[in-house]
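Going down the list, the protein sequences come from chains Y and C.
Just so you know, we're using my numbering here: the first sequence kicks off at 2 and counts up by one.
Just so you know, we're using my numbering here: the second sequence kicks off at 319 and counts up by one.
Heads up, the thing below is written out as structure tokens.
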Amino acid sequence: MDNIWLPARIWMTLALAASLISIRLGISVALIEILVGVIGGNFLNLRTMPWIDFLAGFGAVLLTFLAGAEIEPSAFRRNLKKSLSIGLLSFLVPFIAAGFFAYFVMGWDLKASEIAGIALSTTSVAVVYAVMIESKLNETNLGKLILAACFVTDLGTVLALGIIFAKFDWWMLIFALVTGFSLWLVPKSLRWVASRWGSRVSEPGIKFIMLGLFLLGWLATTARSEAVLPAYLIGLGAAGSFTSDRALLTRIRTMAFAVFTPFYFIRAGMYISLAALVLSFGWIMVLLCVKVGTKYLGVFPLAKVYKMNVREGHYTTLLMSTGLTFGSISALFGLTNHYIDQFQYTVLVTVVIGSALIPTIIAQSFFKPRPLALDEKVIMTESVADVEDGNKE
Amino acid sequence: MFKLILIAYDGSEYSKKALLTSVSLAKALGSEIALVSVEENVMHYAADVGEVKQEKERLNGLFQRLQREARETIKLSGVDFIRADILVGNVPRAIIEHAKTIKCDLIVMGSSGRSGAWAGLLGTTVDKVSHHAPCAVLIVR
Numbered sequence: 002m003d004n005i006w007l008p009a010r011i012w013m014t015l016a017l018a019a020s021l022i023s024i025r026l027g028i029s030v031a032l033i034e035i036l037v038g039v040i041g042g043n044f045l046n047l048r049t050m051p052w053i054d055f056l057a058g059f060g061a062v063l064l065t066f067l068a069g070a071e072i073e074p075s076a077f078r079r080n081l082k083k084s085l086s087i088g089l090l091s092f093l094v095p096f097i098a099a100g101f102f103a104y105f106v107m108g109w110d111l112k113a114s115e116i117a118g119i120a121l122s123t124t125s126v127a128v129v130y131a132v133m134i135e136s137k138l139n140e141t142n143l144g145k146l147i148l149a150a151c152f153v154t155d156l157g158t159v160l161a162l163g164i165i166f167a168k169f170d171w172w173m174l175i176f177a178l179v180t181g182f183s184l185w186l187v188p189k190s191l192r193w194v195a196s197r198w199g200s201r202v203s204e205p206g207i208k209f210i211m212l213g214l215f216l217l218g219w220l221a222t223t224a225r226s227e228a229v230l231p232a233y234l235i236g237l238g239a240a241g242s243f244t245s246d247r248a249l250l251t252r253i254r255t256m257a258f259a260v261f262t263p264f265y266f267i268r269a270g271m272y273i274s275l276a277a278l279v280l281s282f283g284w285i286m287v288l289l290c291v292k293v294g295t296k297y298l299g300v301f302p303l304a305k306v307y308k309m310n311v312r313e314g315h316y317t318t319l320l321m322s323t324g325l326t327f328g329s330i331s332a333l334f335g336l337t338n339h340y341i342d343q344f345q346y347t348v349l350v351t352v353v354i355g356s357a358l359i360p361t362i363i364a365q366s367f368f369k370p371r372p373l374a375l376d377e378k379v380i381m382t383e384s385v386a387d388v389e390d391g392n393k394e
Numbered sequence: 319m320f321k322l323i324l325i326a327y328d329g330s331e332y333s334k335k336a337l338l339t340s341v342s343l344a345k346a347l348g349s350e351i352a353l354v355s356v357e358e359n360v361m362h363y364a365a366d367v368g369e370v371k372q373e374k375e376r377l378n379g380l381f382q383r384l385q386r387e388a389r390e391t392i393k394l395s396g397v398d399f400i401r402a403d404i405l406v407g408n409v410p411r412a413i414i415e416h417a418k419t420i421k422c423d424l425i426v427m428g429s430s431g432r433s434g435a436w437a438g439l440l441g442t443t444v445d446k447v448s449h450h451a452p453c454a455v456l457i458v459r
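Pasting the structure below:
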């Protein structure tokens with residue numbers, strides 16, 4: 002029997018190192034794990050194994066579940082029409098345009114171009130959220146609208162990933178029916194599980210969710226769809242339940258980030274070829290411009306329709322151009338299923354990472370909306386409360 | 319001379335010295351004191367919204383505790399204390415903007431704090447505040 006403890010030790014050493022580096026630098030552990038994976042794959046002869054592939058795969062499923070579960074249902078309903086239209090165009094225009102560009106200009110085949118379109122259509126809710134909380138924009142109507150639109154964009158991404166490459170047979174029908182039924186069942190069942198078995202050491206609530214994700218994942222892959230699709234939908238469905246039970250979501254996140262997602266991100270980085278990156282740097286820059294440019298085509302006009310001022314329109318569009326988790330998941334799906342090769346994967350993931358960094362820097366530096374009156378009021382309110390607390394003490 | 323003194327406080331050893339120095343100065347001059355702390359390193363380029371929220375909660379808890387301790391020190395000294403703020407973002411920029419907003423006459427800060435790994439590359443908080451502040455700056459070693 003192969004000794005799995007040595008590769009396990011190596012991978013967990015890399016994961017721990019990434020965790021410590023991320024704390025020191027103040028940058029998300031996901032990005033550092035990808036970079037550590039790049040080093041591992043290019044210099045340390047890091048290789049994967051079936052059990053690592055499983056942990057990584059489930060890490061991607063948990064990430065998409067957690068992403069869906071973070072939606073604020075009330076904010077989404079309040080901005081329904083605007084967030085649906087902005088989110089839909091934010092997905093569709095880059096998906097079609099980037100796919101066409103990959104096919105007609107870069108000469109990629111159809112499947113590879115579809116993967117390119119999907120990977121470059123994404124928006125990172127987490128990147129956008131982190132940018133917004135610095136200026137408390139997440140508490141404004143504009144901020145909540147942008148965040149809700151991001152969820153819609155990512156929904157478009159997972160639907161495309163789950164449908165375009167699927168085989169439309171009886172299994173697909175069963176998968177669709179079971180997923181639909183699960184969406185109806187999830188809120189009720191989660192509430193029942195929490196009330197019956199909440200806060201137990203054996204964590205039946207987490208096991209219940211994992212069972213659902215494994216079942217739907219099996220059905221999805223049998224139907225030649227993708228396990229992240231039902232995971233995101235179930236997350237969206239469960240979001241309302243987690244509003245009143247954040248503790249369960251926190252424990253799931255702890256489990257995901259401690260055990261599963263490091264394998265996912267290190268594996269994602271491992272397949273990036275530095276040689277390919279250097280050779281394709283020009284195409285990477287061009288594709289980054291395609292991503293941002295097509296987001297402008299889709300989102301900026303709508304921003305004007307909804308009466309955002311020019312600064313807010315640029316800010317919204319640039320933030321909607323970011324991508325990280327879903328973009329890398331899409332690219333890795335393409336590589337794993339042999340729709341793209343390592344060269345194409347390197348190009349796409351590098352563009353995705355670049356889109357997490359560059360548009361946010363530009364948006365924050367030049368187009369941050371100036372709700373100065375709101376900022377000052379929020380600061381003053383906290384100050385008065387703090388002083389009153391001090392006086393009472 | 320200095321009607322309002324702003325203390326930039328991050329709980330580090332030098333910022334505690336800056337706090338004590340400010341209190342002594344305020345007592346001698348009859349000044350009022352304001353306190354500001356800045357949360358930096360709210361998780362950038364995260365994979366998950368929850369990761370950002372959890373980190374923000376951790377930082378909120380940490381800085382609220384630090385400010386509570388600082389306010390206790392100020393209260394015991396009998397100096398007039400008018401406000402305490404916890405801001406989020408780039409530390410030097412937040413301190414400078416806040417100093418402009420509250421129109422303080424002096425910023426007091428420790429010579430070294432929680433500048434983080436980027437300080438060596440991008441310049442320390444003290445460097446930037448001392449160069450761009452709208453008022454006098456006292457750096458405590």
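All C-beta atoms, glycine included, are put in the ideal place defined by N, C-alpha and C.
None of these values were measured; they are calculated from a predicted model.
- Query: By how many angstroms is the C-alpha of residue 363 of chain Y removed from the C-alpha of residue 367 of chain C?
  - Reply: The alpha-carbon separation between residue 367 of chain C and residue 363 of chain Y amounts to approximately 21 angstroms.
- In terms of residue numbering, what span does the beta strand (DSSP E) encompassing residue 357 of chain C cover? According to the DSSP assignment, residue 357 of chain C belongs to the beta strand (DSSP E) that extends over 350–357.
- Task: For residue 228 of chain Y, decide whether its Cβ has a neighbour in chain C, counting only Cβ atoms nearer than 8 angstroms.
- Result: Output row for residue 228 of chain Y: interface = no.
- Query: So is residue 321 of chain Y buried or exposed if we call it buried at 16+ other beta carbons inside 10 Å?
  - Reply: Residue 321 of chain Y is buried by the Cβ-count criterion.
- What first and last residue would you give for the beta strand (DSSP E) that runs through residue 401 of chain C? Unbroken beta strand (DSSP E) run through residue 401 of chain C: 398–406.
- Task: Tell whether a beta-carbon distance below 8 angstroms holds between residue 350 of chain C and residue 393 of chain C.
- Result: For residue 350 of chain C and residue 393 of chain C, no; Cβs fall outside 8 angstroms.
- Message: Classify residue 393 of chain Y: buried if its beta carbon has 16 or more other beta carbons within 10 angstroms, exposed otherwise.
- Response: At residue 393 of chain Y the pLDDT is 38, less than 50, meaning the model places this residue with poor confidence; the figure from the coordinates comes in the next sentence. Its Cβ having fewer than 16 others within 10 Å, residue 393 of chain Y is exposed.
- Item | Whole-number beta carbon distance between residue 319 of chain Y and residue 266 of chain Y, since they are thought to touch under 8 angstroms | 24 angstroms between Cβ atoms; not a contact.
- Pick from Y/218, Y/20, Y/131, Y/13: whose alpha carbon is nearest that of residue 176 of chain Y? Of the candidates Y/218, Y/20, Y/131, Y/13, Y/218 places its Cα closest to the Cα of residue 176 of chain Y.
- Task: State the CB to CB distance for the pair residue 220 of chain Y and residue 334 of chain Y, rounded to an integer number of angstroms; the pair is presumed to be in contact (CB under 8 angstroms).
- Result: Actually they do not touch by this definition, with Cβ atoms about 17 angstroms apart.
- Query: Does the stretch 327–343 of chain Y touch the stretch 155–169 of chain Y, meaning 3 or more C-beta pairs lie closer than 8 angstroms?
  - Reply: Flag = yes, the stretch 155–169 of chain Y and the stretch 327–343 of chain Y touch.
- Query: Looking at residue 275 of chain Y and residue 365 of chain C, is the spacing between their C-beta atoms short of 8 angstroms?
  - Reply: Contact flag unset, no.
- Query: Start and end of the alpha helix (DSSP H) containing residue 47 of chain Y?
  - Reply: Looking at the DSSP string, residue 47 of chain Y is not in any alpha helix (DSSP H), and its letter there is neither H nor E.
- Message: For residue 216 of chain Y and residue 352 of chain C, what's the separation of their Cα atoms in angstroms?
- Response: Approximately 57 angstroms, taken between the alpha carbons.
- Could you name each continuous beta strand (DSSP E) segment of 3 residues or more that falls completely within the stretch 112–146 of chain Y, going from the start of the chain to the end? List check, beta strand (DSSP E) in window: nothing returned.
- Message: Please tell me whether residue 368 of chain C has its Cβ less than 8 angstroms away from any Cβ of chain Y.
- Response: Using a CB distance cut-off of 8 angstroms, residue 368 of chain C counts as an interface residue toward chain Y.
- Task: Please say whether residue 114 of chain Y and residue 103 of chain Y have beta carbons closer to each other than 8 angstroms?
- Result: Cβ distance < 8 angstroms, so residue 103 of chain Y and residue 114 of chain Y count as in contact.
- Query: Between residue 332 of chain C and residue 430 of chain C, is the Cβ-Cβ spacing less than 8 angstroms?
  - Reply: For the 8 angstroms CB-CB criterion, residue 332 of chain C and residue 430 of chain C form a contact.
- Item | residue 293 of chain Y: contacting residues in chain C (beta-carbon distance under 9 angstroms) | Counting only Cβ-Cβ distances below 9 angstroms, residue 293 of chain Y has no contacts in chain C at all, with the closest Cβ about 16 angstroms away.
- Task: Give the straight-line distance between the Cα atoms of residue 347 of chain C and residue 319 of chain C, rounded to the nearest whole angstrom.
- Result: Each residue's CA atom was taken as its position, placing residue 347 of chain C and residue 319 of chain C some 7 angstroms apart.
- Task: With distances taken Cα to Cα, identify the nearest neighbour of residue 42 of chain Y among Y/12, Y/194, Y/348, Y/249.
- Result: Checking every option, the nearest Cα to that of residue 42 of chain Y belongs to Y/12.
- Item | CA-to-CA distance, residue 129 of chain Y to residue 338 of chain Y, given in whole angstroms | Rounded to the nearest angstrom, the two C-alpha atoms are 30 angstroms apart.
- How many Å lie between residue 153 of chain Y and residue 363 of chain C at the Cα? One alpha carbon belongs to residue 153 of chain Y, the other to residue 363 of chain C, and they sit about 20 angstroms apart.
- Item | Proximal chain Y residues relative to residue 407 of chain C, where beta-carbon distance stays under 9 angstroms | 135, 136, listed in chain order.
- Is there at least one Cβ from chain C nearer than 8 angstroms to residue 126 of chain Y's Cβ? Closer than 8 angstroms: yes.
- Reference residue 95 of chain Y; option with closest CA among Y/299, Y/256, Y/264, Y/78: Ranking Y/299, Y/256, Y/264, Y/78 by CA distance to the CA of residue 95 of chain Y puts Y/299 first.
- Would you say residue 131 of chain Y reaches chain C, if we count a Cβ-Cβ gap shorter than 8 angstroms as a contact? True, the Cβ-Cβ gap to chain C drops below 8 angstroms.
- For the putative contact between residue 66 of chain Y and residue 232 of chain Y, defined by C-beta atoms under 8 angstroms, what is the C-beta separation to the nearest angstrom? Contact holds; Cβ gap of about 4 angstroms.
- For the candidate residues Y/325, Y/345, Y/310, whose alpha-carbon lies nearest to that of residue 371 of chain Y? Of Y/325, Y/345, Y/310, the smallest CA-CA separation from residue 371 of chain Y is found for Y/310.
- Does any residue of chain C bring its CB to less than 8 angstroms from the CB of residue 204 of chain Y? Answer no: the Cβ-Cβ gap between residue 204 of chain Y and chain C never drops below 8 angstroms.
- Query: For residue 72 of chain Y, which of helix, strand or coil comes out of DSSP?
  - Reply: In the structure shown, residue 72 of chain Y sits in coil (DSSP, three-state: anything other than H, G, I, E or B).
- What did DSSP end up calling residue 273 of chain Y once you bin it into helix, strand or coil? Looking at residue 273 of chain Y - three-state DSSP - the assignment turns out to be coil, as it is neither helix nor strand.
- Query: Would you call the CB atoms of residue 22 of chain Y and residue 33 of chain Y closer than 8 angstroms?
  - Reply: Yes, the Cβ-Cβ distance between residue 22 of chain Y and residue 33 of chain Y is below 8 angstroms.
- Express the C-alpha separation of residue 226 of chain Y and residue 171 of chain Y in angstroms, rounding to a whole number. Per the coordinates, the alpha-carbon of residue 171 of chain Y lies some 13 angstroms from the alpha-carbon of residue 226 of chain Y.
- Message: Can you confirm whether the stretch 76–88 of chain Y touches the stretch 135–152 of chain Y when touching is taken to mean that 3 or more C-beta pairs between the two stretches lie within less than 8 angstroms?
- Response: Yes, since at least three Cβ pairs between the stretch 135–152 of chain Y and the stretch 76–88 of chain Y fall closer than 8 angstroms, the two stretches touch.
- Query: Which one of Y/308, Y/356, Y/303, Y/340 has the shortest CA to CA distance from residue 326 of chain Y?
  - Reply: Checked all of Y/308, Y/356, Y/303, Y/340; the closest Cα to residue 326 of chain Y is Y/356.
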